[in-house]
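Below is one structure, written out as structure tokens; comments come after it.
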Amino acid sequence: VPSIHDQPIVSEFPDVFSEELPGIPPVCEVEFNIELIPGSEPISKAPYRMAPIELKELKDQLQELLERGFIHPSVSPWGAPVLFVKKKDGGMRLCIDYRELNKITI
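Just so you know, we're using the numbering used here here: the sequence shown kicks off at 89 and counts up by one.
Right, here's the structure in full:
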């Protein structure tokens with residue numbers, strides 16, 4: 089599996105590309121919300137079907153994001169399906185389909 093460190097630009101500037109990425113920034117005092125069209129109901133789309141290899145890749149990527157602190161478990165009534173797009177290097181890029189949510193945001 090190719091690594092970011094296999095990229096020439098990364099090896100040229102090691103001081104810019106840290107080995108360890110920090111997690112999500114600490115909670116700040118600034119409130120942020122996404123404004124929705126009034127009366128909108130939570131959207132939770134059914135997941136897209138995935139091949140077993142894609143499902144394993146999804147679990148692996150989510151576990152890594154959890155361990156790094158970029159995401160956290162949620163019990164939100166909102167949900168968006170995910171899918172994979174094959175990258176030029178053969179890896180799989182996780183894509184989240186926010187089209188239904190985008191339709192009801194202001």
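From the three backbone atoms N, C-alpha and C, an ideal C-beta is built for every residue, glycine too. Please read these numbers as outputs of a predicted model, since none were measured by experiment.
Give the secondary structure of residue i by DSSP, where H, G and I count as helix, E and B as strand, and everything else as coil.
i, result
"residue 159", "coil"
"residue 98", "helix"
"residue 184", "strand"
"residue 133", "coil"
"residue 176", "coil"
Let's test the definition: count the other Cβ atoms within 10 Å of the Cβ of residue i and tell me whether it reaches 16, buried, or not, exposed.
i, result
"residue 172", "buried"
Check whether the Cβ atoms of residue i and residue j lie closer than 8 Å to each other.
i, j, result
"residue 138", "residue 150", "no"
"residue 135", "residue 169", "yes"
"residue 128", "residue 184", "no"
"residue 194", "residue 143", "no"
Given residue i, which residues of its chain have a CB within under 8 Å of its CB, disregarding the five upstream and five downstream residues?
i, result
"residue 174", "180, 181"
Going along the chain, which residues of its own chain have a beta-carbon closer than 7 Å to the beta-carbon of residue i, five neighbours each way excluded?
i, result
"residue 132", "165, 166, 167"
Apart from the five residues on each side of it in sequence, which residues of its chain come closer than 6 Å, Cβ to Cβ, to residue i?
i, result
"residue 105", "98"
"residue 159", "153"
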